[in-house]
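**Q**
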Amino acid sequence: MLSQKDNELLTRVGPGTPVGELFRRFWIPALLSEELPGPDCEPVRLRLLGEDLLAFKDSDSRIAIVDAFCPHRSAPLFFGRNEEAGLRCVYHGWKFDVDGNCVDMPNCMEGPTFKDKVKLTSYPVVDRAGMIWVFMGPRDRVPPLPGFEWLEVPPDQRYVFKYQMECNYLQTLENEFDTTHSSFLHSTLDGNVNNPINKIAGQNFSNRRRMLDYSRITLVDTDFGSAMVTKQEPTPDGKDVYTLGVPFWMPSFSAAGALSAPGVFPLNLKVPMDDTHTVFFRFKWSKEPLSEKVLHEMKHGNYEFPKVFPGTYTPQANKSNDYQIDRVRQRFFNYTGIVNTPIQDFAMVENQRGPVTDRTRETLVSSDKYLIHIRRRLLEAANRLAEGEEPKEPWHPEAYRLRTRRIDVPTGTPVEKVIDALLALDPPIPAEPRPEELAAALPVLV
Ligand code: FES
Ligand SMILES: [Fe+2]
696 MLSQKDNELL
706 TRVGPGTPVG
716 ELFRRFWIPA
726 LLSEELPGPD
736 CEPVRLRLLG
746 EDLLAFKDSD
756 SRIAIVDAFC
766 PHRSAPLFFG
776 RNEEAGLRCV
786 YHGWKFDVDG
796 NCVDMPNCME
806 GPTFKDKVKL
816 TSYPVVDRAG
826 MIWVFMGPRD
836 RVPPLPGFEW
846 LEVPPDQRYV
856 FKYQMECNYL
866 QTLENEFDTT
876 HSSFLHSTLD
886 GNVNNPINKI
896 AGQNFSNRRR
906 MLDYSRITLV
916 DTDFGSAMVT
926 KQEPTPDGKD
936 VYTLGVPFWM
946 PSFSAAGALS
956 APGVFPLNLK
966 VPMDDTHTVF
976 FRFKWSKEPL
986 SEKVLHEMKH
996 GNYEFPKVFP
1006 GTYTPQANKS
1016 NDYQIDRVRQ
1026 RFFNYTGIVN
1036 TPIQDFAMVE
1046 NQRGPVTDRT
1056 RETLVSSDKY
1066 LIHIRRRLLE
1076 AANRLAEGEE
1086 PKEPWHPEAY
1096 RLRTRRIDVP
1106 TGTPVEKVID
1116 ALLALDPPIP
1126 AEPRPEELAA
1136 ALPVLV
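Take the sequence shown: its letters are residues 696 to 1141, numbered as in my numbering.
(1) How big is the Cα-Cα spacing for residue 1075 and residue 1069?
(2) As a quick exercise: from 748, 935 and 959, pick the residue whose alpha carbon is nearest that of residue 989.
(3) Return the Cβ separation of residue 775 and residue 768 in integer angstroms, given the expectation that the two are a contact with Cβ distance under 8 Å.
(4) Just checking, does the region 843-861 make contact with the region 980-994 on the three C-beta pairs under 8 Å criterion?
(5) Taking 8 Å as the limit between beta carbons, can you name the residues of its chain near residue 1081, skipping five residues before and five after?
(6) Quick one: grab the DSSP three-state call for residue 715.
(7) To the nearest angstrom, report how far apart residue 1093 and residue 766 are at their CA atoms.
(8) With respect to the alpha helix (DSSP H) encompassing residue 995, which residues constitute its N-terminal and C-terminal limits?
(9) Identify every residue that forms a DSSP beta bridge with residue 817.
(10) Looking at ligand 1, does it come within less than 7 Å of residue 768, judged from the CB to the closest heavy atom?
(11) Taking the alpha helix (DSSP H) that residue 972 falls in, what are its first and last residues?
(12) Counting only beta-carbon separations shorter than 8 Å, does residue 1043 have a partner in chain D?
(13) Which residues does DSSP pair with residue 925 in a beta bridge?
(14) By the three-class DSSP mapping on this structure, what secondary structure does residue 967 have?
(15) Answer with buried or exposed for residue 881, where buried requires no fewer than 16 other C-beta atoms within 10 angstroms of its C-beta.
(16) Roughly how many angstroms lie between the CA atoms of residue 1045 and residue 926, to the nearest whole one?
(17) DSSP has residue 796 in a bridge; who is on the other side?
(18) Looking at the structure shown, is residue 1087 part of a helix, part of a strand, or coil, going by DSSP?
(19) May I have the straight-line CA-CA distance separating residue 875 from residue 1063, to the nearest angstrom?
(20) State the Cα-Cα distance for the pair residue 824 and residue 1029, rounded to the nearest angstrom.
(21) Would you check if the distance between the CB atom of residue 725 and the CB atom of residue 749 is smaller than 8 Å?
(22) Would you say the region 964-978 touches the region 859-867, given that touching needs at least three Cβ pairs under 8 Å?
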């Protein structure tokens, strides 16, 4: 449970709020690259961190994310003319380039230099890994991009889609670190024999005791956020085995989830649109080109990528239709009666006590340990920033390269030593974990 004060602090994301300012110290994904298909394309409305924004690509394919309203009389720039290297407001013709400079002011009698005094708010952007990333913080504190290796993989090795969610970011973010829900929410009634995720990831949802065993888990804070170190079953020759998994990358990214296919890794990026809406970028990547079959399933909807209404990012199974719950399916096949894995999550987090749930009314238990840890981490970072101490994570891009991994150590090795070894980034990261190892390190399906 949280106090009302801390709940408010953790969930408000607008300009000037502690968490809103914290998010403004990180690069965050704003929209899919495909939403701006080419030069002079139609502008796209978006809302991020409580701000109404507009994205467009100019005649030279330079990308802009700018205030949605004209600085003259606040007309909506969405209706603007995207032409000749800038966006022109259709109310009185003022024109702006991608950096927000006013380059033409045709109705102005104040002289040719008056336009130099006018600026449209614009934010730095980078197009990477199928997403357009934005930095909405102070211009003199623009950090490097996070060092995720998947930011650099070729397009045929990744796939990303996004969903708009009807709740505060923290509800869906906490779900990533709610380490016991998969055994229930995402299970089928036959011991998961017919659960496609079970088959792919080798996870055993029927073994609930393993999922609930927190005595084997140590939560660690790192240069990028937090992670979970889990003691696994020993090797046949008696060595202790540990995995590092379910990383939390500040400010709101995780790798919780099952493998979509062998060697296809998940990323979940949760970005606040405002206090009551979140955009969820669901990203998959591989070290090899994705197969036609896997790509086709992702693009056309499968258990992990629910279908949306055409031209939107709203799932067809959503809050307005109770996520298409089928009570017969619930009675005879799966735990929820809801088909898609992410939609099962949406049904829970979009329907807690309101779009900003009241955390004073919770009854948390030890299996909520990780999500409590994440709250604390965010709360501390936001409070420190409010007192003038900048977050360090954006300035450690190399730490973001961490992969889930596993090591064998002599029996009885102190866990502190194990953690040091698991987090060591130099020498380079050990070989890619085999899928079954990764599955062991990732007990949460999100
Ligand atoms: S409101 Fe945009 S030019 Fe006047
Ligand atoms: Fe989940």
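Yeah, the Cβ is synthetic: ideal placement off N, Cα and C, and Gly gets one too. All values derive from a computational prediction rather than experimental measurement.
**A** Taking the coordinates as given:
(1) Taking the first residue of the sequence shown as 1, we reach residue 1075 at position 380. Taking the first residue of the sequence shown as 1, we reach residue 1069 at position 374. Rounded to the nearest whole angstrom, the C-alpha separation of residue 1075 and residue 1069 is 10 Å.
(2) Looking up residue 989 in the sequence shown gives position 294. Residue 959 is the option with its Cα nearest to residue 989.
(3) Looking up residue 775 in the sequence shown gives position 80. Looking up residue 768 in the sequence shown gives position 73. In fact, because the Cβ distance is near 14 Å, the residues do not count as touching under 8 Å.
(4) Contact between the region 843-861 and the region 980-994 is present: 3 or more CB-CB pairs across the two stretches fall below 8 Å.
(5) The sequence position of residue 1081 within the sequence shown is 386, counting from 1. Beyond the five residues adjoining it in sequence on each side, residue 1081 comes within less than 8 Å, by CB distance, of 713 and 716 in the same chain, given in chain order.
(6) The residue labelled residue 715 in the question sits at position 20 within the sequence shown. If DSSP states are grouped into helix, strand and coil, residue 715 belongs with the helices.
(7) By 1-based counting over the sequence shown, the position of residue 1093 is 398. By 1-based counting over the sequence shown, the position of residue 766 is 71. The straight-line gap from Cα to Cα measures roughly 39 Å.
(8) The residue given as residue 995 occupies position 300 in the sequence shown. Start and end: 987-995.
(9) On the sequence shown, position 122 is the one that residue 817 refers to. DSSP lists 761 as the beta-bridge partner residues of residue 817.
(10) Stepping through the sequence shown from its first residue, residue 768 is reached at position 73. Within the cutoff, so yes.
(11) Working through the sequence shown from its first residue, we reach residue 972 at position 277. No alpha helix (DSSP H) contains residue 972, which is instead part of the beta strand (DSSP E) from 972-981.
(12) Within the model displayed, chain D is absent; a lone protein chain is all it includes.
(13) Within the sequence shown, residue 925 is the residue found at index 230, counting from 1. DSSP, once it has assigned bridges, lists 912 and 938 as partnering residue 925.
(14) Walking along the sequence shown from the start, residue 967 turns up at place 272. In the displayed model, residue 967 falls within a strand according to three-state DSSP.
(15) Taking the first residue of the sequence shown as position 1, residue 881 is located at position 186. Its Cβ being crowded by 16 or more others within 10 Å, residue 881 is buried.
(16) Here the question's residue 1045 lines up with position 350 in the sequence shown. Here the question's residue 926 lines up with position 231 in the sequence shown. C-alpha separation (whole angstroms): 33 Å.
(17) Taking the sequence shown and counting its residues from 1, one reaches residue 796 at position 101. 814, per the DSSP bridge assignment.
(18) For the purposes of this step, residue 1087 is identified with residue 392 of the sequence shown, where counting begins at 1. Three-state DSSP puts residue 1087 in coil, outside helix and strand.
(19) As a position in the sequence shown, residue 875 is number 180, starting the count at 1. As a position in the sequence shown, residue 1063 is number 368, starting the count at 1. Looking at the two C-alpha atoms, the distance is approximately 8 Å.
(20) Stepping through the sequence shown from its first residue, residue 824 is reached at position 129. Stepping through the sequence shown from its first residue, residue 1029 is reached at position 334. Each residue's alpha carbon lies about 35 Å from the other.
(21) Position 30 of the sequence shown, counting from 1, holds the residue named residue 725. Position 54 of the sequence shown, counting from 1, holds the residue named residue 749. With a cutoff of 8 Å on beta-carbon distance, residue 725 and residue 749 are scored as not near each other.
(22) Three or more Cβ pairs drawn from the region 964-978 and the region 859-867 lie within less than 8 Å of each other, which places the two stretches in contact.
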